[in-house]
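See structure below.
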Amino acid sequence: MTSDFSAAHVHLERAYYYLRGNDETSRSARDTLDLVIEAVVEAQHRRPSTGVVEFPQSTAR
Numbered sequence: 045m046t047s048d049f050s051a052a053h054v055h056l057e058r059a060y061y062y063l064r065g066n067d068e069t070s071r072s073a074r075d076t077l078d079l080v081i082e083a084v085v086e087a088q089h090r091r092p093s094t095g096v097v098e099f100p101q102s103t104a105r
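In the numbering used here, the protein residues as written are 45 to 105.
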């Protein structure tokens with residue numbers, strides 16, 4: 045099963061929006077969500093590593 049980073053990003057942004065209070069707990073939760081959102085965005089845009097296919101060397105004539 046693969047992760048749906050774009051859907052996770054949407055839900056995390058929505059959670060950030062709902063934590064709009066000015067109390068310390070809300071601010072701390074938003075700071076933490078910022079870090080998680082950043083990690084999800086990085087994972088979402090990371091290119092999968094591709095393997096290099098080695099071709100047999102041709103002999104020069």
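Just so you know, even glycine gets a beta-carbon here, dropped at the ideal spot from N, CA and C.
Owing to the predicted nature of the structure, the values given are computational and were not obtained by experimental measurement.
Measure the C-alpha to C-alpha separation of R90 and V84 and round it to an integer number of angstroms. In the sequence shown, the residue the question calls residue 90 occupies position 46. In the sequence shown, the residue the question calls residue 84 occupies position 40. Between R90 and V84, the C-alpha separation is close to 10 Å.
With DSSP run on the structure shown, which of helix, strand or coil describes D75? Against the sequence shown, residue 75 aligns to sequence position 31. Three-state DSSP puts D75 in a helix.
Start and end of the alpha helix (DSSP H) containing F49? By 1-based counting over the sequence shown, the position of residue 49 is 5. First-last of the alpha helix (DSSP H) with F49: F49 to Y62.
Which value, in whole angstroms, describes the spacing of the CA atoms of F49 and R58? The count along the sequence shown starts at 1 and reaches residue 49 at position 5. The count along the sequence shown starts at 1 and reaches residue 58 at position 14. When the Cα atoms are used, F49 and R58 turn out to be separated by approximately 14 Å.
Taking H55 as the reference, which of D78, T46, D67 and M45 has the closest Cα? Locating residue 55 in the sequence shown gives position 11, counting from the first residue. Ranking D78, T46, D67 and M45 by Cα distance to H55 puts D78 first.
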